[in-house]
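In full-length UniProt numbering, the protein residues as written are 1 to 83. Cβ atoms here follow ideal geometry from the backbone N, Cα and C, with glycine treated the same way.
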């Protein structure tokens, strides 16, 4: 159907489990809070979503695993793709 498409499997669960077990090894100093969010626990609230009024963005996303409580940061994706 789409001969030019390559599908690549990535074990996100295993990769993120390794990150959460030893976050400092990967350069993450704030592994359990979202970079973008609110002042709710873990900076994550369904009533104040990232980008909405009342939300904020952390000063250094490379130190965070989660961008908004649902998506990873660019730094986390980089660790995952490097294996």
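| Query | Result |
| --- | --- |
| Distance between residue 13 and residue 44 (C-alpha atoms, nearest Å) | 21 Å |
| According to DSSP, residues forming a beta bridge with residue 36 | 57 |
| Beta-carbon contacts of residue 55 that lie in its chain and below 7 Å, excluding the five residues immediately before and after | 36, 37, 38, 48 and 49 |
| Bridge partners - residue 64, DSSP secondary structure assignment | 30 |
| Range of the contiguous alpha helix (DSSP H) that encloses residue 17 | 12–21 |
| C-beta atoms of residue 10 and residue 80 nearer than 8 Å | yes |
| Chain-order list of residues whose beta-carbon lies under 8 Å from that of residue 73 (same chain, five-residue window excluded) | 35, 61, 62, 64, 65, 66 and 67 |
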